[in-house]
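Residues in the sequence shown are numbered consecutively from 1204, following our numbering.
The structure appears below as structure tokens.
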Amino acid sequence: ANHAEFNTDDWYSWDHGLDQHIGMWYSNTDETTCLAMADQIRSALETTGINVGERSEPDAHEMYCGYAGAMTWEFQFQNCDAGRPEAPSECACIASNSLVDYAQATGNATCEQHADDDQWCKRAGWQDAIQA
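So, in structure tokens, the structure goes:
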């Protein structure tokens, strides 16, 4: 997959090729070390022009990296915002995989998972938003 065709230079964009990934988990509890490592990784990715979809969750910060090929690498930093607390949370109910975009499209501030995956996005309001 050529992620450059589907993903933009905006680190908060998304390409569903990024869904297939192998993760590298950093769980150092020292925030200074975490921020320094995230800065080094981000600098290397920017220098090489790798497309990135960056997301932030309550327990981790994620950088999904679209290298050439079918598989994506994910750098995940446990309990650290990696210096970008404004990164959107994930929400698979919208193509951008961004809770910010989902909330703007539906008026719902949460993207809840349900036991019945077929009903996940429908119950969260996405189905109504796309039919309107």
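Yeah, the Cβ is synthetic: ideal placement off N, Cα and C, and Gly gets one too.
Every value quoted in this text rests on a predicted model; they were computed, and no experiment measured them.
Worksheet entry | Element boundaries [alpha helix (DSSP H), containing E1289] | As a working note, residue 1289 is residue 86 in the sequence shown. Neither: E1289 is in no alpha helix (DSSP H) and is coded neither H nor E.
Discussion item. Excluding the 5 residues flanking I1225 on each side, which residues of the same chain have their C-beta closer than 8 angstroms to its C-beta?
Written reply: Along the sequence shown, one-based indexing puts residue 1225 at 22. Once the five neighbours on either side are set aside, the close Cβ partners of I1225 are M1274, T1275, W1276, E1277.
Worksheet item: Who does T1309 pair with in a DSSP beta bridge?
Response: Taking the first residue of the sequence shown as 1, we reach residue 1309 at position 106. Residue pairing by DSSP places T1309 in no beta bridge whatsoever.
Practice prompt. Give the DSSP bridge partners of I1225, in chain order.
Written response: As a working mapping, residue 1225 is identified with position 22 in the sequence shown. Per DSSP, the beta-bridge partners of I1225 are W1276.
Worksheet item: What span of residues does the alpha helix (DSSP H) with C1237 cover, start to end?
Response: Translated into the one-based positions of the sequence shown, residue 1237 becomes position 34. C1237 -> alpha helix (DSSP H) spans 1234–1251.
Practice prompt. Identify the continuous beta strand (DSSP E) that holds A1263 and give its terminal residues.
Written response: In the sequence shown, counting from the first residue as 1, residue 1263 sits at position 60. That run of the beta strand (DSSP E) goes 1263–1269.
Discussion item. For N1254, report the span of its beta strand (DSSP E) as first-last.
Written reply: Against the sequence shown, residue 1254 aligns to sequence position 51. Where N1254 is concerned, the enclosing beta strand (DSSP E) stretches over 1254–1260.
Discussion item. Taking the straight line between their C-alpha atoms, what separation do you get for N1282 and V1303?
Written reply: For the purposes of this step, residue 1282 is taken as the residue at position 79 of the sequence shown. For the purposes of this step, residue 1303 is taken as the residue at position 100 of the sequence shown. In a straight line, the C-alpha of N1282 is about 21 angstroms away from that of V1303.
Worksheet item: Taking buried to mean at least 16 other C-beta atoms within 10 Å of its own C-beta, is M1227 buried or exposed?
Response: As a first step, residue 1227 must be located in the sequence shown, where it is residue number 24. Residue burial annotation: M1227 is exposed, with fewer than 16 other C-beta atoms found within 10 angstroms of its C-beta.
Worksheet entry | Distance between Y1305 and I1253 (C-alpha atoms, nearest Å) | Position 50 of the sequence shown, counted from the first residue, corresponds to residue 1253. Position 102 of the sequence shown, counted from the first residue, corresponds to residue 1305. Take the alpha-carbon of I1253 and the one of Y1305: they are about 25 angstroms apart.
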